[in-house]
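Enquirer:
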Amino acid sequence: MARIGVFICHCGENISATVDCGKVAETIGKLKHVAYSTEYKYMCSDPGQTLIKEAIKEHKLTGVVVAACSPRMHEPTFRKACAEGGLNPFLCEMANLREHCSWVHEKNDLTTEKAIDIVRIQVEKVKLNSALQPIRVPVTKTAMVIGGGIAGIQSALDIANTGHKVIMIERSPSIGGHMSQLSETFPTLDCSQCILTPRMVEVAQHPNITLYTYAEVESVEGFIGNFKVKIRKKAKSLDEKTCTGCGLCTTKCPQKKIPNEFEQGMGMRPAIYIPFPQAVPNRPVIDREHCTYYIKGKCKICEIVCPTKAIRFDQPDEILELEIGAIVVATGFDIKHADFFPEYGYGKYKDIIDGLQFERLASASGPTTGAILRPSDGQVPKNIVFIACAGSRDPAKGIAYCSKICCMYTAKHAMLYKHKVHEGKAYVFYMDIRSGGKNYDEFVRRAIEEDHVNYIRGRVSTVFERDGKLIVKGVDTLLGAQPVEIVADMVVLATAGVANSGAEDLAQKLHVSYDAHKFFAEAHPKLKPIETNTAGIFLAGACQNPKDIPDSVSQASGAAVKVAGLFSQNELTREPLVAVVNRTAPPMYSTCVGCFMCQSVCPYQAIEREDFKNREGKIVKTVAKINEGLCQGCGTCVALCRSKSIDLYGYSNNQVYAEVVALLNEY
Amino acid sequence: MSDFEPKVVAFVCNWCTYAGADLTGTSRIKYASNVRIIRFPCTGRIDFMLLLKAFANGADGIIVSGCHPNDCHYTSGNFHAKRRWIMFKELMDFMGIDMNRITFSWVSAAEGAKWADVVNTTVTRIRELGPYVSYKELVNKSVEEEVKNE
Amino acid sequence: MKFGIYPGCSLTGSARDYNESVFALAEAFDLEFAQIPDWNCCGATAAHNLNKELSLALPARILALAEQNGLDEIIVPCAACYSRLVVTQNELKKNPELKNRIREVLEMDYHGTSKILNVIEWIDKYIIPKLDEKIVKPFNYKVACYYGCLLVRPDKVLNYDRAEDPQTMDIVMSKIGADPIYYPYKTECCGAGFSVSRTDIVSKLSGKIIEDAEHRGADAIIVACPMCHSNLDMRRSDINKYWKTEYKIPVVFVTQAIGLAIGLSSEKVGLKRHFVEVKIS
Amino acid sequence: MNSLITRAKELLENKSVQVVIGYEAGPTSVARPAFITDPAKAGTLIYDERCVQNLAVYLTKPEVKHLGKMAIVATLPVMRSIMMLISEQQIFADSIVVLGISADGSLLDIADVKVMQGYIEKSDLGNPEKYKELLAELNKLSPEERFAFWQKELSKCIKCYACRQACPMCYCTRCTVEVNQPQWIPVQSNTHGNMEWHILRAMHLAGRCISCGECGRACPVGIPCHLLTMHLVDQVHNYFNVYAGTSEKMSSVLSTFEPNDKESFII
């Protein structure tokens, strides 16, 4: 006989403000098989949990329903509390009164009625729960870090330093990411490459790190501790062991007119190229899309000049299959290409550039070796306008969120300009200055007060060319919404930070969620900002949302700790919510008729064949069998099985049926 | 029928729509309270018979919702579900069962506002259609038939 | 092919030139118009500043009349009327309760099924496909296409062209042989409804629009809105007085330009009615 | 049908098969299934217009399988059933000899599955003409009329499950109707429960029905239940451009998918 205990949480006032918790507890208390029903202000607090533990013992409960917040929030908390109270944790269910009821409805009888129904469904369900034992699985103690920017580098080094193996993959020919493109970094103005390149070298030389550049994730299967990852090593068209990185080929390549990605298109590169002088690994790759040999079938000059005969034109892509225990996603961000704002004229005029292009202009290693020169004619701009929030915080046309880093880098850009062009005038159009962070606001004040950058609070409506000058039309809202017109020589747009190209595709391969802007989604915005919804996959850096360097590095170290924590165990326990083929009804064992349609729907190859033999050893029947190590519990096979021979723990046919029937009928 | 409160049952997957509905909550977006959510691991798990059982037990409307194509936590459960719903819908239409009473949707974990919208439009539509009288009559008639047979 | 046409107040008044050119084009391309019978004011600038229900009911009545008369497509040459009609249709589509309320107000059935076309959309759909064969006198002029504010806004509702840098009129003009110049003032404010009450503001704003077009060497400003036209053309003497200038650049409706290109006379397309002399023919 | 008798006799005599499944004349004017194990009795086999039953249903019955290797008289629907049964791993291609019968009633030389597949692919695979008309008529009705039609028809159902027994694709050793945890389909016969049963049956045959019409023929009270599965045959073809039972390797429509499957009702 089931004895269910029901615990209604007020969640402070989050639930009780709109739901009459007392009435819910009272009504539920009268239901058949409910042995105990109570309410409490904070069920998740220590006294709340104690309440549950004691009730389990006192009322000999065979099942528990905690009616509180979303199970996605606190299911593990309450299952643990039940286990501590002596009840199998899988005999505990949660009723979602907060996210699905109190927060979305007004205070009235209908809302309380709905709350009662939500709890009733779970009472009916939990009656049919089975006591389950967690599944134990081994852990492969190798981590994979996807992305070789500063976040990936930090994460890989931190994991490797705990003694575990790390595979780092990077899709471009060198690690370094956006940080390697930056000139100086705020708020200290130290040179980006000076602090980054030693880390890059450390990655390449670390005995625990295997680096694959020019490589991408092909597919990911498996689960926490046991991922099977295929990566595609794109052909670099040269033998990396033979190549010495002398670079002779890159100087002799006749194809020299390819926009240089590292220079944000502000310089050119050959078809065989090393992306930048400090690249790691410092070996060239052939860009087959632009290489004359691959286009026209003739050339091979690089092969001729190569002193070590390292060029391999027929090198194929290589697929590597790796066993991985945990994954850190650190694929970074991109900037929103400014041409989506036609009124700002980007793409129409050469002297309107974006923030990353300005970084290259200001960089000592950039196309102008650090001189601020107009791209159109190489002249020093006398008047320069920086437009912050070009696309950010603009739900009507751009994106609604704040890109976070632009206020700071715009201040830095204006400052760098003033340091290099003393007589020049710098204007910044801004909405608000968001400079929270250690020494950040002081930095912006310095730009304004010491370097005399003109900050104008207001938006720019349009930028257009007239008689060779750029006319910037905006408004100064601090001067009573006065229209402002500035005749500029150059305009820099602080374009919004957006998800990197291919992020959606990668998220789908990894089976992790992503938000409406294609940024990878954390498991919880506050309490699990590093985890994803898929166990064993963690986030670091700007692939989650635009972040500056200190934030990216902190999160990367956090992700490394998560991985190291995972690798500190030899075995993991996994929720046993898996499918099972029935094995009753002897003598034929199982009602499964062996059509194996379940096999073709299973995404995890978790369905195997099981033969039953008679005494003579002849196969009398073949039925489906679930490999519970592989099964992830989606239940697609369950709904498909015509003879209802497969069921799913946690969402059994009996349970879901009972939920529907109970919900719609009188109680 | 101004006091008619439709009963709407929602069959949703855990990873997208359930999480999306959580987001509706955390965003405090209000919607009609007529809906009751039943959680499944995946739309692929949702047996079409459960939809029939919902009508048989008095539901006036149904929402079936899961991850957008390509977003399935289990890779392909929603694709299988999609084919299943295509067949189911065609069969129901052929039998004259009112498919205007079932909303099929993809609501991702990021679409809290869409979930509210799906619920509201479904409830508004069901309100206009009224209680599912013809199905309820069929069920009641069948209970009588049984009594007669006994 | 028969369309409904909603003339609004201007096409039979201050913008008779526009009206004549629209009808002349239709005739030349075998397109027929049926004026929506018993049409009323669209509410213009006034209604939506005073009373929301009124501002929706007025356009809704026009649309309901179109539905009653089986007019599936309505062309609305005036950009202001067009904006009111489209906004109303969209609001009522989004909000069924409001739709029912407006039905009550009107005591008429309203479904919102009619397709509303502005003049450029209409040209795009029905004129462009047959245009090439009819061109006898390519419009070989440098033109500044001036869209104003209402033709492409609100862009979320219209979803028709880029609000800040629209292109459709430029494309139409290049099809008749014109050379559309780069023109950053194409959506700047002309002063709009201040046409009557604050001519000084109109003079200031419209003056800048004209100045930039002349500065960039345009031979004509092309418009598709009666309000824009009256501010840039009818108020020209005020503008010149305000800026102490002698701007002579003519302001031509897009329909007039096409009419000239297919060989219609300047009388036929209403050019004689302009305040600023149009030396183009 | 001398060639059929000769071939059957030959197969039994040289012990290529232990049983030939075919038709023989019954005591009334109806043809009935025959299970010939003795070469001497091969002469009783017939094939004419009376022989309409889909014999493939016997291929999965234990009491027939028990007799040994089988030969089967197979018209187009039987051949398509065999294809389905092979693809669903219920029978093995090499354990069956197909005595194919063409549309005009002559014996075909079906040496192996490939030949059979070739023959099937050349044939008309849509629903038979006489049913197409009925389907079209039903589709012309309003939803309310269709609901009334099916209620009236299904009120007659006595839940004898002859439709299931006659169907070669309903080979499950346990059917959903026999599950009582939970009781998906009520045991008793009533219009609503009957409707649930027929929906369940049609859904289970979606993408698997080969349009033989046997279920409707078997129904003792004359419910046109084959129209339900045949409607889905049309829809499967319409949406996914396939017909069931055309290859030994195909997987069923509901156990596979294409990422770009088109539908217009999911918002």
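Chains as they are written, first to last, in my numbering: chain P, 1 to 667; chain F, 1001 to 1150; chain S, 2001 to 2281; chain G, 3001 to 3267. Each residue gets a CB set at the ideal place from its N, CA and C atoms; glycine is no exception. Here the structure is a predicted model, which means the values were calculated and not measured.
Whole angstroms are fine: how far does the CA of G:D3124 sit from the CA of G:H3237?
Expert: Roughly 13 Å between the two C-alpha positions.
Enquirer: Give the DSSP-derived three-state secondary structure of P:Y455 in the structure shown.
Expert: In this structure, P:Y455 counts as strand in the three-state DSSP scheme.
Enquirer: Whole angstroms is fine: what's the gap from S:R2216's alpha carbon to S:Y2183's?
Expert: About 8 Å.
Enquirer: Along the stretch 3150–3180 of chain G, where does the CB come closer than 8 Å to a CB of chain P? Name the residues.
Expert: Cβ contacts with chain P come from Y3171, C3172, T3173, R3174, C3175, T3176 and V3179.
Enquirer: When you check each C-beta in the stretch 3198–3231 of chain G against every C-beta of chain F, which residues fall closer than 9 Å?
Expert: If the cut-off is 9 Å between Cβ atoms, the stretch 3198–3231 of chain G has H3198, I3199, L3200, A3202, M3203, A3206, G3207, L3227, L3228 and H3231 near chain F.
Enquirer: Starting from P:Y40, trace the beta strand (DSSP E) in both directions and tell me its first and last residue.
Expert: Segment V34 to Y40, the beta strand (DSSP E) holding P:Y40.
Enquirer: Does DSSP classify P:E26 as helix, strand or coil?
Expert: DSSP places P:E26 in helix when its eight states are reduced to three.
Enquirer: How many angstroms separate the CA atom of S:N2140 from the CA atom of S:D2179?
Expert: S:N2140 and S:D2179: Cα-Cα distance of roughly 7 Å.
Enquirer: What is the DSSP secondary structure of P:V285, counted as helix, strand or coil?
Expert: P:V285: strand per DSSP, three-state reduction.
Enquirer: Leaving out five residues on either side along the sequence, give the residues of the same chain with a beta carbon under 7 Å from the beta carbon of S:T2199.
Expert: Counting only Cβ-Cβ distances below 7 Å, and skipping sequence neighbours, we find R2235 and D2238.
Enquirer: Of the residues P:V638, P:K644, P:A426 and P:Y667, which one's Cα is nearest the Cα of F:G1044?
Expert: Looking at the Cα atoms, P:V638 is the closest of the given residues.
Enquirer: Would a check of beta-carbon distances place P:F429 closer than 8 Å to chain S?
Expert: Closer than 8 Å: no.
Enquirer: Just how far apart, CA to CA, sit P:C69 and P:A95?
Expert: Going from the Cα of P:C69 to the Cα of P:A95 covers about 7 Å.
Enquirer: Output yes or no for whether 8 Å exceeds the beta carbon distance between P:K469 and P:T462.
Expert: The answer is no: Cβ separation not under 8 Å.
Enquirer: Answer with buried or exposed for P:M597, where buried requires no fewer than 16 other C-beta atoms within 10 angstroms of its C-beta.
Expert: Answer is buried; the Cβ neighbour count reaches 16.
Enquirer: Would DSSP call P:E531 helix, strand or coil?
Expert: DSSP places P:E531 in strand when its eight states are reduced to three.
Enquirer: Assess contact between the stretch 393–403 of chain P and the stretch 346–363 of chain P, defined as three or more Cβ pairs (one per stretch) separated by less than 8 Å. Is contact present?
Expert: Flag = no, the stretch 393–403 of chain P and the stretch 346–363 of chain P do not touch.
Enquirer: Any idea what DSSP makes of F:R1127, helix, strand or coil?
Expert: Three-state DSSP puts F:R1127 in a helix.
Enquirer: Please classify G:D3038 as buried or exposed, where buried requires at least 16 other C-beta atoms within 10 Å of its C-beta.
Expert: So G:D3038 ends up on the exposed side.
Enquirer: Shortest alpha-carbon distance to G:T3060 belongs to which of P:F313, P:K621 and P:I121?
Expert: The candidate whose alpha carbon is nearest that of G:T3060 is P:K621.
Enquirer: Between the stretch 2166–2181 of chain S and chain P, which residues of the former have a C-beta closer than 8 Å to a C-beta of the latter?
Expert: Within the stretch 2166–2181 of chain S, no residue qualifies.
Enquirer: Along the beta strand (DSSP E) that carries F:R1036, what are the first and last residues, could you check?
Expert: Per DSSP, F:R1036 belongs to the beta strand (DSSP E) from V1035 to F1040.
Enquirer: Would you verify that the beta carbon of F:E1005 is, or is not, closer than 8 Å to some beta carbon of chain G?
Expert: Output row for F:E1005: interface = no.
Enquirer: Would you kindly work out how many angstroms separate the C-alpha atoms of P:Q255 and S:H2229, rounded to a whole number?
Expert: One C-alpha to the other measures close to 54 Å.
Enquirer: Between F:T1017 and chain P, is there a C-beta pair that is closer than 8 Å?
Expert: Chain P, which has no Cβ nearer than 8 Å to the Cβ of F:T1017, makes this no.
Enquirer: Which residues of the stretch 3248–3261 of chain G have a Cβ closer than 9 Å to any Cβ of chain P? Give them in chain order.
Expert: Of all residues in the stretch 3248–3261 of chain G, S3251, S3252, L3254, S3255, T3256 and F3257 have a Cβ within less than 9 Å of some Cβ in chain P.
Enquirer: Per the DSSP calculation, S:D2030 is bridged to which residue(s)?
Expert: S:D2030 pairs with nothing; no bridge assigned.
Enquirer: Return the bridge partner residues of F:S1105 from the DSSP annotation.
Expert: Per DSSP, F:S1065.
Enquirer: When the Cα of P:E202 is compared with those of P:V453, P:E75 and P:M168, which residue comes out closest?
Expert: Comparing Cα positions, the closest option is P:M168.
Enquirer: Let me confirm a value: G:I3101 is counted as buried when at least 16 other C-beta atoms fall within 10 Å, else exposed. Which label applies?
Expert: Per the 10 Å Cβ criterion, buried.
Enquirer: At a CB-CB cut-off below 9 Å, which residues of chain F make contact with P:K114?
Expert: Per Cβ cutoff of 9 Å: S1033, N1034, V1035 and R1036.
Enquirer: For P:L648, decide whether its Cβ has a neighbour in chain F, counting only Cβ atoms nearer than 8 Å.
Expert: Yes, P:L648 lies at the interface with chain F (some Cβ there is under 8 Å from its Cβ).
Enquirer: For P:R615, which residues from the same chain have a beta carbon less than 7 Å from its beta carbon, with the 5 sequence-adjacent residues on both sides left out?
Expert: So no residue of the chain qualifies.
Enquirer: Could you name the residues of the same chain whose beta carbon sits closer than 6 Å to that of F:M1001, not counting the 5 residues immediately before and after it, in chain order?
Expert: Since pLDDT at F:M1001 reaches only 44, below the 50 mark, its modelled position is unreliable, and no value is offered.
Enquirer: Kindly say whether G:L3245, judged by its beta-carbon, lies nearer than 8 Å to any beta-carbon of chain F.
Expert: The sequence shown places Gly at residue 3245 of chain G, not Leu. Cβ-Cβ to chain F under 8 Å: no for G:G3245.
Enquirer: Taking 8 Å as the CB-CB cut-off, is P:T462 touching chain S?
Expert: Closer than 8 Å to some Cβ of chain S, the Cβ of P:T462 qualifies, so yes.
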